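From first to last, the protein sequence lines are chains A and B. Counting the first sequence from 1 gives a position; this note's numbering is that position plus 702. Counting the second sequence from 1 gives a position; this note's numbering is that position plus 702. Note that the Cβ used here is the ideal one computed from N, Cα and C, for glycine as well. As the structure is a computational prediction, the values presented were derived from the model and not from experiment.
Number of protein chains: 2
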Amino acid sequence: MERTRPQRADARRNYDALLGAAREVFAEKGTEASLEEIARRAGVGIGTLYRNFPARQDLFEAVYVGEVEQLCRLAGEVADRPPWEAMQAWLRAFVGYAATKRAIKEALTMESAMFVSCRADMYAAGQPLFDRAQAAGAVRADVSFDDVLRMVSGITAGSYVDDAQRERVFAMALAGVTATPAAPHPA
Amino acid sequence: MERTRPQRADARRNYDALLGAAREVFAEKGTEASLEEIARRAGVGIGTLYRNFPARQDLFEAVYVGEVEQLCRLAGEVADRPPWEAMQAWLRAFVGYAATKRAIKEALTMESAMFVSCRADMYAAGQPLFDRAQAAGAVRADVSFDDVLRMVSGITAGSYVDDAQRERVFAMALAGVTATPAAPHPA
DNA sequence: GTTAAAGTGGAGGCACGCCTCCACCTTAGC
DNA sequence: GCTAAGGTGGAGGCGTGCCTCCACTTTAAC
């Protein structure tokens, strides 16, 4: 955000390459991914990575901030759609961001100042959509926004046979968000 | 199963200690946990671990086999309860086994012969409960047993504020299993 | 008690990731 | 073109995990 970027052209190119590589690698391997692999993939030396991002946390935060900003923006864009449709669209975006895909579960419990603040922004953006959907009766009354977000992260981080299954499972879980609390006991 | 156990008393003690430690450590750290930590926690040398379990896979399988057997046994025990109640009880047990808790997601896609066979046993045990619940109308018709298992593993592997939230989220997701496919669009 | 078979455990070689440091290369301003 | 400030990248020290190997210890059979 207010991170001072390197000035020289090559420096800036490297900075961007690192960010891109980090986005990819974090998406594939989670927060614990090797920094050397990120540097390799960005085509820069490990020293350059450390010059730009002294700690692993700094790199991950730089990626994460971008994702969160997009998510916040999206919340505004879908606000004029019907409550449940808007909520669903936002949740889909929430799981869609590659950088957070494998790391988002871990991110939900990280403690650094920037994480706490980003999480607050993200929740602030999504919560109104949730409240509206709940008020409209599209979401059961006994769950919180946080519950839904964690459920969705867990499901997304899981492994599936193919994307169709992932989508099917996601839809099934979403149905649980809308369903009435007491599960039916037919038979 | 037909694994030949060490004969000497101390050897057997060590074998059991290793299995117990592995169960704990795999539960906490997933399949990639450090074998040296397992040996440390079992109070034996790393050499002893390798004598009993030449490959990481062997150790994990030894733990996993035990869990799967219990799960298969349980399927028989709950079979006389109402369809949905039985299914639910079994799913709870499925997520409850500590050893697989963090590792189960990974285990679902492992390729070794023993994994494939264990998975087959586990599915064979759970599938009838599922089919019965589906036939009774307690489970929506457009999902498979595999879908549900993967959803449940994903949710279980997630992180939560406390156990109450984990339970709440699990229940919410289960409601999705029973709900009708078409999500309501009120308002 | 003796003894040989069984079992032990940790040192050590290897690989890899973390992070620091600095000799060298690039850039931009002149 | 020249040059110094800015930037680079990888060698190297450290830690940790993997796995092997074998001198030593323990067991149990006699």
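- Here the alpha carbon of alanine 837 of chain B sits roughly 38 Å from the alpha carbon of glutamate 726 of chain B.
- When Cβ-Cβ separations below 8 Å define contact, glycine 798 of chain B makes no contact with chain A.
- Distance between isoleucine 740 of chain B and alanine 724 of chain B, taken at the CA atoms: about 6 Å.
- With 16 or more other Cβ atoms inside 10 Å of its own Cβ, glutamine 790 of chain B counts as buried.
- Across the structure, alanine 877 of chain A and serine 861 of chain B are spaced so that their CA atoms are roughly 21 Å apart.
- For glutamate 787 of chain A, the enclosing alpha helix (DSSP H) stretches over residues 785-798.
- Put simply, the CB of aspartate 833 of chain A is far from chain B, with every gap to its CB atoms at 8 Å or more.
- The alpha-carbon of methionine 812 of chain A is positioned some 32 Å away from that of glycine 839 of chain A.
- For valine 879 of chain A, at least one C-beta of chain B is nearer than 8 Å to its own C-beta.
- Neighbours of serine 855 of chain B in chain A, taken as residues whose beta carbon is under 7 Å from its own, are Gly860 in chain order.
- Going by beta carbons, leucine 776 of chain B and alanine 795 of chain B fall inside the 8 Å limit.
- A buried status is given to arginine 868 of chain B, since no fewer than 16 other beta-carbon atoms sit within 10 Å of its beta-carbon.
- With a beta-carbon spacing of about 36 Å, tryptophan 786 of chain B and alanine 735 of chain B fall beyond the 8 Å limit used to define contacts.
- In chain order, Gln867, Arg870, Val871 and Met874 make up the part of chain A whose C-beta sits under 8 Å from the C-beta of aspartate 849 of chain B.
- In terms of Cβ geometry, serine 846 of chain B and glutamine 759 of chain B do not form a close pair [threshold 8 Å].
- Assignment of threonine 733 of chain A by DSSP, reduced to helix, strand and coil, places it in the coil class.
- Between arginine 852 of chain B and threonine 880 of chain B, the C-beta spacing is not below 8 Å.
- Close CB contacts of alanine 875 of chain A within its chain, under the 8 Å cut and outside five residues either way in sequence, are with Met853, Val854 and Ile857 (chain order).
- Sequence-distant partners of leucine 761 of chain B (beyond 5 residues in either direction) whose C-beta falls short of 6 Å from its own C-beta, in its chain, are Ala724 and Phe755.
- Taking 9 Å as the upper bound on Cβ-Cβ separation, chain B lies near residues Pro784, Pro785, Trp786, Glu787 and Gln790 of the stretch 776-796 of chain A.
- Proximity to arginine 783 of chain A across A/Pro830, A/Arg743, A/Tyr799 and A/Ala744 peaks at A/Pro830, based on C-alpha coordinates.
- At a cut-off of 8 Å between C-beta atoms, valine 845 of chain B counts as an interface residue with respect to chain A.
- Within its own chain, the residues whose Cβ lies closer than 8 Å to the Cβ of valine 746 of chain B, once the five positions on either side in sequence are excluded, are Asn716, Ala719 and Leu720, listed in chain order.
- Under the three-state reduction of DSSP, threonine 882 of chain A is assigned to coil, being neither helix nor strand.
- About 6 Å separates the Cβ atoms of leucine 773 of chain B and methionine 824 of chain B, confirming a contact at the 8 Å cut-off.
- Interface flag for arginine 821 of chain B against chain A is unset, since no Cβ pair is found closer than 8 Å.
- For arginine 852 of chain A, the neighbours in chain B by C-beta distance under 9 Å run, in chain order, Ile857, Gly860, Ser861, Tyr862, Val863, Gln867, Arg868 and Val871.
- Alanine 827 of chain A sits buried, since 16 or more C-beta atoms from the chains shown fall within 10 Å of its C-beta.
- Here DSSP, grouped into helix, strand and coil, assigns proline 830 of chain B to helix.
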